[in-house]
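Okay, so the sequence shown: first residue is 623 according to this note's numbering, each after it adds one.
The C-beta atom is built at its ideal place from N, Cα and C for all residues, glycine as well.
These notes concern the structure reproduced below.
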Amino acid sequence: MSEEKFCCGFAGCCAAPKIPVVSTSLTAQDILGAWKVRFGIGRMDYTVEPGLYSIGQPDNASPVLVSANYKLTFDTLRKNLCALDCWLLILDTKGVNVWCAAGKGTFGTEELLYRIEKSELAEIVTHRRLILPQLGASGVNSNEILRRCGFSVIFGPVRADDIQKFIACGYTADQEMRIVKFTMRDRLVLTPLELVTAAKISLMVFGVLFLINLFAARPFGMRDFLAYTAAVLIGTVITPVLLPFIPGKAFAFKGWLVGILGTALIIWAYGWFSTPFLLLGLGYMLALPVHSAFLAMNFTGSSTYTSPSGVLKEMKIALPLIILSLLSGLVLILIKTLGG
């Protein structure tokens, strides 16, 4: 841990004399790393070592904050702790953020108990109080923690930038601190990863289209490419950004609704509703909007609007319809492409 770039020395006590001191300032390397993982580069390896860290010059009465070992989460937390003396207990969430890790069980009761024991936290602080992020509440049984190790769990605010205010107010959160927001900016920040995932799929699609073009009476051209690209952007960017403003509850329906409007506009502009291209136009009307719907449905994993049971229900209903419409559309497109 001493070799971590965010560490700037050691602190500790008799029980644990070499606890890394964490800087609250982010470096250019930290910022670059955040941009890289936003685009899916090294995402699963962007972690910090689990264990106990310190901020400032904490003593045995300083607060203990618990978080995940996903470095993007870790960096967001530490940069908001400037001028605060505290301890950070980092759980091994396998590089997953607090909210998702709580759902998966890695930000959970057993892992928290293990880290408390391994770090000898009871020997370092005289109080018995842990501050956990509110979004981790679903993964931790606070009564079990208290019963088995004597530490009480206090769930802090949703956002890291409210932590210092929360502590200053006697570990009390006002209503604003408890509100889970998912603003347009929050959604936009998540879209690069969705785009990268879609791009990987698109490479295979373009490979298949290239092979089909070797035999096609009407080869796929730039107009087809632009129509497909528009469907991808609708599913990965436009729908997530405009999520609260699009009618409906299901993400797949929202993506399909925007997709069918966008596809209809493109096909109309290309003149593909006319008789010579009607089969092609109908094929794209069946295939492209459901492609947008599928990509938009993937965003349920990034959204705070959803629940695991709701996602499973949506997938159960939406996936058969998406597959049926996509296959029907592809058949019509291939008939027109191969037959001319």
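Three-state secondary structure (DSSP) of residue i
i	result
residue 946	helix
residue 623	Unreliable positioning characterises residue 623 in this predicted model, as indicated by a pLDDT of 37, which lies under 50. The coordinate reading is nonetheless provided below. Here residue 623 sits in coil by DSSP.
residue 696	helix
residue 705	coil
residue 743	helix
residue 956	helix
residue 669	strand
residue 801	coil
residue 791	coil
residue 681	coil
residue 895	coil
residue 835	helix
residue 871	coil
residue 863	helix
residue 884	helix
residue 830	helix
residue 748	coil
residue 663	coil
residue 647	coil
residue 808	helix
residue 877	helix
Sub-9 Å separation of residue i and residue j beta-carbons
i	j	result
residue 773	residue 795	no
residue 632	residue 697	no
residue 887	residue 947	no
residue 687	residue 761	no
residue 756	residue 780	yes
residue 736	residue 715	no
residue 702	residue 749	no
residue 747	residue 712	no
residue 766	residue 805	no
residue 936	residue 874	yes
residue 758	residue 720	yes
residue 856	residue 893	no
residue 706	residue 786	yes
Cutoff 6 Å; reference residue i; Cβ partners in own chain excluding five residues on either side
i	result
residue 954	901, 904, 905
residue 933	922
residue 854	820
residue 625	In this predicted model, residue 625 has a pLDDT of only 45, less than 50, meaning its place in the structure is not dependable; the value taken from the coordinates is given anyway. Cβ neighbours of residue 625 beyond the five flanking positions: none.
residue 833	none
residue 949	none
residue 861	876, 877, 880, 918
Contacting residues, own chain, Cβ-Cβ under 7 Å from residue i (five flanking each side not counted)
i	result
residue 858	813, 816, 817, 820, 917
residue 646	677, 700, 701, 703, 704
residue 672	691, 712, 713, 714, 737
residue 727	761
residue 734	688, 713, 762, 767
Distance cut-off 8 Å: residue i Cβ against heavy atoms of the ligand SAM
i	result
residue 891	This structure does not include the ligand SAM; it has no bound ligands of any sort.
Host beta strand (DSSP E) of residue i (start-end)
i	result
residue 686	686–690
residue 676	673–677
Residues bridged to residue i (per DSSP)
i	result
residue 753	687, 776
residue 632	642
residue 713	690
Start and end residues, alpha helix (DSSP H) containing residue i
i	result
residue 847	844–855
residue 840	No alpha helix (DSSP H) holds residue 840; DSSP gives it neither H nor E.
residue 964	Because residue 964 is not part of the residues shown, which for the chain are 623 to 962, the question remains open.
residue 658	650–660
residue 765	764–771
residue 759	Residue 759 -> no alpha helix (DSSP H), and no H or E assigned at all.
residue 782	No alpha helix (DSSP H) contains residue 782, which DSSP labels as neither H nor E.
residue 720	720–726
Close beta carbons around residue i, own chain, < 8 Å, minus the five adjacent residues each side
i	result
residue 644	628, 629, 630, 675, 676, 677, 700, 710
residue 751	685, 686, 773, 774, 776, 793
residue 651	627
residue 889	849, 895, 903, 906, 907
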